[in-house]
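Enquirer: Protein sequence lines correspond, in order, to chains A and B.
For the first sequence, the working numbering assigns the number 4 to the initial residue and increments by one for each residue that follows.
For the second sequence, the working numbering assigns the number 4 to the initial residue and increments by one for each residue that follows.
Here a beta-carbon is modelled for each residue, glycine too, at the ideal position from N, C-alpha and C.
Quick caveat: nothing in here was measured; it's all calculated off a predicted structure.
Protein chains: 2
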Amino acid sequence: MSEETTRRLARFIVESHWRDIPKPVRHEAKRSILNWLGTALGGCNDPAVDIAISALREFSGPQQATILGRRERLDILSAAVINGISSNVLDFDDTHLRTVIHPTVPVAAALTALSEHTPITGAQFLHAFILGVEAECRIGNAVTPEHYNIGWHITATCGVFGAAAACGKILNLSEQQMTWALGIAATQASGLTAMLGSMTKPYNMGHAARNGLTAALLARKNFTSSEHGLEAPRGFAHVLSTRCDLNEITANLGTTWELAQNAYKPYPCGIVVHPIIDGCLDLRTAHGITADAIERIELRVHPLVMKLTGNPTPQNGLQAKLSVQHCAAAAFLFGAVGVKEFSDACPIEPAVVALRARVAPTVDEAIAADAADVVVLLKDGARHHAFVPHATGSLERPMSDADLENKFKALVEWGFSTCNAYDVIELVWSFDNINDAAALARTTVPSATRTL
Amino acid sequence: MSEETTRRLARFIVESHWRDIPKPVRHEAKRSILNWLGTALGGCNDPAVDIAISALREFSGPQQATILGRRERLDILSAAVINGISSNVLDFDDTHLRTVIHPTVPVAAALTALSEHTPITGAQFLHAFILGVEAECRIGNAVTPEHYNIGWHITATCGVFGAAAACGKILNLSEQQMTWALGIAATQASGLTAMLGSMTKPYNMGHAARNGLTAALLARKNFTSSEHGLEAPRGFAHVLSTRCDLNEITANLGTTWELAQNAYKPYPCGIVVHPIIDGCLDLRTAHGITADAIERIELRVHPLVMKLTGNPTPQNGLQAKLSVQHCAAAAFLFGAVGVKEFSDACPIEPAVVALRARVAPTVDEAIAADAADVVVLLKDGARHHAFVPHATGSLERPMSDADLENKFKALVEWGFSTCNAYDVIELVWSFDNINDAAALARTTVPSATRTL
Numbered sequence: 004m005s006e007e008t009t010r011r012l013a014r015f016i017v018e019s020h021w022r023d024i025p026k027p028v029r030h031e032a033k034r035s036i037l038n039w040l041g042t043a044l045g046g047c048n049d050p051a052v053d054i055a056i057s058a059l060r061e062f063s064g065p066q067q068a069t070i071l072g073r074r075e076r077l078d079i080l081s082a083a084v085i086n087g088i089s090s091n092v093l094d095f096d097d098t099h100l101r102t103v104i105h106p107t108v109p110v111a112a113a114l115t116a117l118s119e120h121t122p123i124t125g126a127q128f129l130h131a132f133i134l135g136v137e138a139e140c141r142i143g144n145a146v147t148p149e150h151y152n153i154g155w156h157i158t159a160t161c162g163v164f165g166a167a168a169a170c171g172k173i174l175n176l177s178e179q180q181m182t183w184a185l186g187i188a189a190t191q192a193s194g195l196t197a198m199l200g201s202m203t204k205p206y207n208m209g210h211a212a213r214n215g216l217t218a219a220l221l222a223r224k225n226f227t228s229s230e231h232g233l234e235a236p237r238g239f240a241h242v243l244s245t246r247c248d249l250n251e252i253t254a255n256l257g258t259t260w261e262l263a264q265n266a267y268k269p270y271p272c273g274i275v276v277h278p279i280i281d282g283c284l285d286l287r288t289a290h291g292i293t294a295d296a297i298e299r300i301e302l303r304v305h306p307l308v309m310k311l312t313g314n315p316t317p318q319n320g321l322q323a324k325l326s327v328q329h330c331a332a333a334a335f336l337f338g339a340v341g342v343k344e345f346s347d348a349c350p351i352e353p354a355v356v357a358l359r360a361r362v363a364p365t366v367d368e369a370i371a372a373d374a375a376d377v378v379v380l381l382k383d384g385a386r387h388h389a390f391v392p393h394a395t396g397s398l399e400r401p402m403s404d405a406d407l408e409n410k411f412k413a414l415v416e417w418g419f420s421t422c423n424a425y426d427v428i429e430l431v432w433s434f435d436n437i438n439d440a441a442a443l444a445r446t447t448v449p450s451a452t453r454t455l
Numbered sequence: 004m005s006e007e008t009t010r011r012l013a014r015f016i017v018e019s020h021w022r023d024i025p026k027p028v029r030h031e032a033k034r035s036i037l038n039w040l041g042t043a044l045g046g047c048n049d050p051a052v053d054i055a056i057s058a059l060r061e062f063s064g065p066q067q068a069t070i071l072g073r074r075e076r077l078d079i080l081s082a083a084v085i086n087g088i089s090s091n092v093l094d095f096d097d098t099h100l101r102t103v104i105h106p107t108v109p110v111a112a113a114l115t116a117l118s119e120h121t122p123i124t125g126a127q128f129l130h131a132f133i134l135g136v137e138a139e140c141r142i143g144n145a146v147t148p149e150h151y152n153i154g155w156h157i158t159a160t161c162g163v164f165g166a167a168a169a170c171g172k173i174l175n176l177s178e179q180q181m182t183w184a185l186g187i188a189a190t191q192a193s194g195l196t197a198m199l200g201s202m203t204k205p206y207n208m209g210h211a212a213r214n215g216l217t218a219a220l221l222a223r224k225n226f227t228s229s230e231h232g233l234e235a236p237r238g239f240a241h242v243l244s245t246r247c248d249l250n251e252i253t254a255n256l257g258t259t260w261e262l263a264q265n266a267y268k269p270y271p272c273g274i275v276v277h278p279i280i281d282g283c284l285d286l287r288t289a290h291g292i293t294a295d296a297i298e299r300i301e302l303r304v305h306p307l308v309m310k311l312t313g314n315p316t317p318q319n320g321l322q323a324k325l326s327v328q329h330c331a332a333a334a335f336l337f338g339a340v341g342v343k344e345f346s347d348a349c350p351i352e353p354a355v356v357a358l359r360a361r362v363a364p365t366v367d368e369a370i371a372a373d374a375a376d377v378v379v380l381l382k383d384g385a386r387h388h389a390f391v392p393h394a395t396g397s398l399e400r401p402m403s404d405a406d407l408e409n410k411f412k413a414l415v416e417w418g419f420s421t422c423n424a425y426d427v428i429e430l431v432w433s434f435d436n437i438n439d440a441a442a443l444a445r446t447t448v449p450s451a452t453r454t455l
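1. Are the beta-carbon atoms belonging to residue 223(A) and residue 180(A) less than 8 Å from one another?
2. Tell me, to the nearest whole angstrom, how far the beta carbon of residue 203(B) is from that of residue 190(A); I am working on the premise that it is less than 8 Å.
3. Since residue 179(B) meets chain A, which of its residues come closer than 9 Å, beta carbon to beta carbon?
4. Smallest Cα separation from residue 37(A): which of 448(A), 429(A), 439(A) and 436(A)?
5. Give me, in chain order, the residues of the same chain whose beta-carbon lies closer than 7 Å to that of residue 182(A); leave out the 5 immediate sequence neighbours on both sides.
6. Ignoring anything shorter than 4 residues, give me the alpha helix (DSSP H) runs that lie fully in the stretch 376–439 of chain A, in order along the chain.
7. Drop a sphere of 10 angstroms on the beta-carbon of residue 200(A), count the other beta-carbons inside from all chains shown, and report buried for 16 or more, exposed for fewer.
8. Could you check what DSSP says for residue 4(A) in three-state terms: helix, strand or coil?
9. Considering only their Cβ atoms, is the gap separating residue 81(A) from residue 112(A) smaller than 8 Å?
10. Hey, how far is the Cα of residue 384(B) from the Cα of residue 300(B)?
11. Name, in chain order, the residues that DSSP records as bridge partners for residue 99(A).
12. Out of 46(A), 370(A) and 315(A), state which residue places its alpha-carbon closest to the alpha-carbon of residue 363(A).
13. Can you list the residues of chain A that residue 237(B) reaches, using a CB-CB cut of under 8 Å?
14. Compare the C-beta of residue 150(B) with all C-beta atoms of chain A and state if any pair is closer than 8 Å.
15. As a quick exercise: from 77(A), 130(A), 65(A) and 139(A), pick the residue whose alpha carbon is nearest that of residue 98(A).
16. Would you list, in sequence order, the uninterrupted alpha helix (DSSP H) runs of no fewer than 4 residues that lie entirely inside the stretch 291–334 of chain A?
17. Could you check which residue in 16(B), 386(B), 226(B) and 425(B) has the C-alpha nearest to that of residue 55(A)?
18. How long is the line joining the alpha carbons of residue 269(B) and residue 284(B), rounded to whole angstroms?
19. Just checking: is the beta-carbon of residue 54(B) within a distance shorter than 8 Å of some beta-carbon in chain A?
20. For residue 364(B), write down the residues that DSSP places opposite it in a beta bridge.
21. Shorter than 8 Å from the beta carbon of residue 79(A) to some beta carbon of chain B?
22. If I measure Cβ to Cβ from residue 7(A) and keep anything under 7 Å in the same chain, skipping five residues before and after, which residues do I get?
23. Identify the contact partners of residue 209(A) in chain B, using a Cβ-Cβ distance below 7 Å as the criterion.
24. Mind listing the chain B neighbours of residue 220(A)? Cutoff is C-beta to C-beta under 7 Å, in chain order.
25. Mind pulling the chain A residues with CB within less than 7 Å of residue 191(B)?
26. Find the residues of chain A that neighbour residue 242(B), judging by a C-beta separation of less than 7 Å, and give them in chain order.
27. Just checking my contact of residue 85(B) with residue 136(B) at CB under 8 Å: how many whole Å lie between their CB atoms?
28. So, for residue 73(A): in the same chain, excluding its five sequence neighbours on each side, which residues have a beta-carbon less than 6 Å away from its beta-carbon?
29. Quick one: which chain B residues come within Cβ less than 9 Å of residue 147(A)?
30. Give a yes or no on whether the C-beta atoms belonging to residue 49(B) and residue 92(B) are separated by under 8 Å.
31. For residue 390(B), which residues of its own chain have a beta-carbon under 7 Å away from its beta-carbon, when the five flanking residues on both sides are left out?
32. Does the Cβ of residue 450(A) have 16 or more other Cβ atoms within 10 Å, making it buried, or fewer, making it exposed?
33. Name the residue from 173(B), 327(B), 369(B) and 317(B) whose alpha carbon lies nearest to the alpha carbon of residue 348(B).
34. Name the residues in the stretch 223–237 of chain A whose C-beta lies less than 8 Å from a C-beta of chain B; which are they?
35. Alpha carbons only, please: which of 351(B), 252(B) and 59(B) is nearest the one belonging to residue 65(A)?
36. So which of 333(B), 261(B) and 324(B) has the shortest CA-CA distance to residue 295(B)?
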């Protein structure tokens with residue numbers, strides 16, 4: 004049975020109908036796309052994006068596809084690379100918690116580019132997107148956690164399959180061609196976590212998007228590959244992981260949907276700090292606390308929080324993302340912990356430094372890893388307490404549609420994209436009724452040059 | 004010390020001078036290039052090449068670089084892909100025997116394309132090529148044989164470094180940039196041996212060439228990556244191999260040269276059959292033997308030969324490549340065992356079938372794996388014997404320059420390329436004195452459209 008994993012997955016993708024997709028999964032797809040577009044618009048003017056465009060532009064093809072949030076247009080393969088970089092550079096992605104895959108980046112970066120070349124409806128886009136995420140996360144499930152633990156950047160190594168599956172669906176591949184597309188994806192699977200902290204980290208995503216799209220384009224012309232790219236003795240699962248359970252890829256296909264397990268980050272920092280930020284923001288709002296009124300902020304946290312993020316004196320934005328002290332101080336000081344609070348300037352601002360010195364975390368084995376206990380003592384002697392059992396953005400307490408809209412607007416502002424955030428939001432929520440899916444990318448173009 | 008492997012390799016490449024390269028290594032580089040161009044011209048009209056061009060052309064950039072042996076021109080990155088495919092599709096490559104890397108394909112495919120965009124001399128080309136092969140094969144040495152045995156297509160996974168190093172040298176990268184280029188190469192390292200037997204097998208080569216060139220182009224613009232791409236705990240060597248000896252990468256840099264260990268295949272089939280073909284061809288020539296005079300061909304061979312290639316009734320070209328019986332019959336019948344003798348038509352020709360039935364191989368544990376013992380019994384009662392201690396193309400009995408020229412001419416003819424073989428041969432032997440390295444690619448263009 005496991006001999007046929009690749010073909011069975013291919014057949015499922017090829018035979019899937021839009022009517023088979025449950026309504027909540029369709030809506031989750033829109034939420035994922037909105038969240039992803041926000042991260043792309045927030046990152047679209049990042050130096051990594053500027054450099055990648057300047058390095059590769061002169062070798063790129065016709066101006067077929069939008070660079071999200073910018074004026075340049077590139078061929079669809081190059082656009083997939085750049086949009087993959089921009090939408091991952093801020094570390095503000097969605098997360099498939101079981102695998103730590105950020106599912107939308109590689110699939111949507113490829114699909115958005117292709118949708119500007121191959122006319123499809125919004126519903127077709129969402130359908131292909133859902134199937135791409137399904138392939139990507141199921142393959143991730145089959146090799147998790149050993150695959151990531153070894154050092155594979157799982158969003159890239161599994162994302163290439165998601166991009167191939169989604170693009171192959173749009174290109175109407177036959178079962179045979181889809182099988183080849185998954186094989187061509189398998190042989191291109193790559194991306195090392197050694198790259199974290201450098202520009203090549205988000206490049207891994209763009210590369211996966213490009214490679215998955217390439218796989219689908221080659222397979223469409225009957226470029227052959229192994230028909231057992233996933234399960235062959237020298238195929239993806241056995242070569243790239245010490246553990247593989249191929250049954251994860253094919254069990255309950257069409258019954259369960261991985262996209263339903265998608266979660267969204269409310270704060271662009273290490274996920275273990277999220278419940279603490281929630282607690283601080285809740286207290287600030289509930290009691291109208293200003294920073295200068297605070298005597299001490301006491302945190303009781305799971306040991307992992309201090310191990311990963313115990314840093315009382317972060318000196319730049321990257322360090323601030325891994326400082327629970329910074330996050331707590333910023334929450335009380337600014338009433339928000341977004342990309343601005345992780346700029347290189349923020350953690351060295353005198354007001355931040357002063358309040359951060361008043362943050363006192365203590366480890367408590369009894370606190371769950373996704374919970375937090377926050378006490379704020381005021382100079383007037385008042386004492387306020389908050390307990391957060393699950394962080395915002397967890398599956399138990401998901402971000403609401405309104406939360407996602409607010410995150411999106413903040414990211415558009417942060418990224419200096421002059422596109423109209425309200426237009427994009429409206430388009431995404433009605434995307435299943437849109438005739439031309441290419442409108443999605445075009446709506447992000449700065450208004451002066453919009454070609455809608 | 005091992006912490007600095009990537010940087011030390013980068014520094015060596017950056018600081019190397021042409022005057023440091025020993026003369027025999029320079030000459031071996033020309034031999035490798037001639038052999039490689041032959042394989043590219045032999046494969047340039049293969050269906051895999053046609054399909055890849057037709058699938059990717061509409062997304063490709065300016066017509067910057069030659070598709071070897073053809074009229075199309077594509078951007079340099081796309082040309083690297085296609086020329087990587089064409090030059091590997093016939094399985095007629097050179098081989099770095101210790102690692103079974105085919106060293107020239109990924110390095111030369113990237114470099115040839117870049118040389119049409121960045122003006123360099125023939126000597127600069129050869130120098131960068133030698134350094135690329137050095138990086139590629141040393142990295143292969145560090146992870147061999149576990150890396151290949153697991154299922155990594157080592158020419159692709161190590162070739163991406165070779166292409167990055169060679170192209171980085173041409174682009175005058177600084178030590179820091181070269182370190183990043185090797186890191187960006189590391190994160191793209193991919194290619195599974197599960198793809199053998201499909202079009203994706205040679206695609207692995209083209210993809211590696213493209214990715215290595217991309218790495219150098221990004222690094223030139225200061226796109227950052229891990230500075231420990233090779234040696235980091237979650238870097239290339241540890242993630243892609245259960246064994247790694249990083250010392251292999253940095254020991255004796257500039258003293259030993261991996262290109263000096265390069266070998267060339269005289270016959271496009273499994274290497275274990277080569278001494279048997281030698282023996283048959285020698286007997287045919289020495290005694291003027293014609294096929295209809297033959298009663299029986301007796302082969303004494305190492306057990307591995309029968310295990311890998313014992314097939315008395317091959318039905319197509321691919322099976323014929325793994326049939327010692329076919330190879331022996333073809334050698335006596337045609338006096339040559341080249342690409343023509345592995346067409347799908349050849350193994351089912353009646354004359355071939357008839358003579359093949361007279362081939363009688365027996366296993367002999369006493370015969371070395373690279374040796375063969377051939378006896379031909381004629382219908383008139385004569386008996387002739389040949390013992391071959393080492394095959395043509397082995398390091399002990401290398402193909403001569405004249406052998407390589409003949410192989411090249413046969414491949415040009417086979418590939419239906421109408422370029423002038425003599426022009427190319429002359430250019431390669433004088434390549435270190437050529438001012439414009441781009442002439443190499445241009446000389447392969449079919450004559451009617453040559454743009455020299």
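Expert: For this structure:
1. Within the first sequence, numbered from 1, the residue matching residue 223(A) stands at position 220. Within the first sequence, numbered from 1, the residue matching residue 180(A) stands at position 177. Contact: yes.
2. As a first step, residue 203(B) must be located in the second sequence, where it is residue number 200. As a first step, residue 190(A) must be located in the first sequence, where it is residue number 187. The C-beta distance from residue 203(B) to residue 190(A) rounds to 5 Å, short enough to meet the 8 Å contact threshold.
3. In the second sequence, residue 179(B) corresponds to position 176, counting from 1. The premise fails here: residue 179(B) is roughly 12 Å from chain A at the closest Cβ pair, so nothing lies under 9 Å.
4. Here the question's residue 37(A) lines up with position 34 in the first sequence. Of the listed residues, the one whose Cα sits closest to residue 37(A) is 429(A).
5. Numbered from its first residue, the first sequence carries residue 182(A) at position 179. 9, 10, 13 and 230, listed in sequence order.
6. 404–417 and 424–432
7. The residue you call residue 200(A) lines up with position 197 of the first sequence. Looking at its Cβ environment, which holds fewer than 16 other Cβ atoms inside 10 Å, residue 200(A) is exposed.
8. The residue labelled residue 4(A) in the question sits at position 1 within the first sequence. The predicted model places residue 4(A) with a pLDDT of 44, which falls under 50 and marks its position as unreliable; any figure quoted below should be read in that light. Reduced to three states, the DSSP call for residue 4(A) is coil.
9. Looking up residue 112(A) in the first sequence gives position 109. Looking up residue 81(A) in the first sequence gives position 78. For residue 112(A) and residue 81(A), no; Cβs fall outside 8 Å.
10. Here residue 384(B) is taken as the residue at index 381 of the second sequence, counted from 1. Here residue 300(B) is taken as the residue at index 297 of the second sequence, counted from 1. Distance between the alpha carbons of residue 384(B) and residue 300(B): 13 Å.
11. Residue numbering aside, residue 99(A) sits at position 96 when the first sequence is read from its first letter. Answer by DSSP bridge pairing, in chain order: 104(A) and 265(A).
12. As a working note, residue 363(A) is residue 360 in the first sequence. Closest by alpha carbon: 315(A).
13. Numbered from 1 along the second sequence, position 234 holds the residue referred to as residue 237(B). What residue 237(B) touches in chain A: 153, 154, 195, 196 and 197.
14. For the purposes of this step, residue 150(B) is taken as the residue at position 147 of the second sequence. No, because no Cβ of chain A sits closer than 8 Å to the Cβ of residue 150(B).
15. By 1-based counting over the first sequence, the position of residue 98(A) is 95. Answer by Cα proximity: 139(A).
16. 306–312 and 320–324
17. As a first step, residue 55(A) must be located in the first sequence, where it is residue number 52. Minimum Cα distance to residue 55(A) is reached at 226(B).
18. Walking along the second sequence from the start, residue 269(B) turns up at place 266. Walking along the second sequence from the start, residue 284(B) turns up at place 281. Each residue's Cα considered, the two are about 12 Å apart.
19. In the second sequence, the residue the question calls residue 54(B) occupies position 51. Chain A, which has a Cβ nearer than 8 Å to the Cβ of residue 54(B), makes this yes.
20. Position 361 of the second sequence holds residue 364(B). DSSP lists 302(B) as partners of residue 364(B).
21. Taking the first residue of the first sequence as 1, we reach residue 79(A) at position 76. Chain B, which has a Cβ nearer than 8 Å to the Cβ of residue 79(A), makes this yes.
22. One-based indexing of the first sequence puts residue 7(A) at position 4. Around residue 7(A): no qualifying Cβ.
23. Translated into positions along the first sequence, residue 209(A) becomes position 206. Those do not exist, as residue 209(A) stays about 11 Å from chain B at its closest Cβ, beyond 7 Å.
24. Position 217 of the first sequence holds residue 220(A). By Cβ distance, chain B contributes 58 and 59.
25. To locate residue 191(B), count along the second sequence from 1; it is residue 188. Here the neighbours are 193 and 210.
26. Position 239 of the second sequence, counted from the start, is the residue given in the question as residue 242(B). Those within 7 Å of residue 242(B) in chain A are 153, 154, 155 and 195.
27. Against the second sequence, residue 85(B) aligns to sequence position 82. Against the second sequence, residue 136(B) aligns to sequence position 133. Between the beta-carbon of residue 85(B) and that of residue 136(B) there is about 21 Å, and that puts the pair past the 8 Å contact cut.
28. Locating residue 73(A) in the first sequence gives position 70, counting from the first residue. Excluding residues within five positions, the ones whose Cβ falls inside 6 Å are 47.
29. Within the first sequence, numbered from 1, the residue matching residue 147(A) stands at position 144. Within chain B, no residue comes near residue 147(A); the closest Cβ sits about 16 Å away, beyond 9 Å.
30. Start at 1 with the first residue of the second sequence, and residue 49(B) comes out as number 46. Start at 1 with the first residue of the second sequence, and residue 92(B) comes out as number 89. Yes, the pair counts as a contact, with Cβ atoms nearer than the cut-off.
31. Along the second sequence, one-based indexing puts residue 390(B) at 387. Closer than 7 Å at Cβ, skipping near neighbours: 376.
32. Position 447 of the first sequence, counted from the first residue, corresponds to residue 450(A). The residue is exposed, with fewer than 16 neighbouring Cβ atoms inside 10 Å.
33. To locate residue 348(B), count along the second sequence from 1; it is residue 345. Measuring from the Cα of residue 348(B), the nearest candidate turns out to be 317(B).
34. 223, 224, 225, 226, 227, 228, 229, 231, 232, 235, 236 and 237
35. Start at 1 with the first residue of the first sequence, and residue 65(A) comes out as number 62. The alpha carbon of residue 65(A) has as its nearest neighbour, out of 351(B), 252(B) and 59(B), the alpha carbon of 59(B).
36. What you label residue 295(B) is simply residue 292 of the second sequence in a count that begins at 1. For the residues 333(B), 261(B) and 324(B), the minimum Cα distance to residue 295(B) belongs to 333(B).
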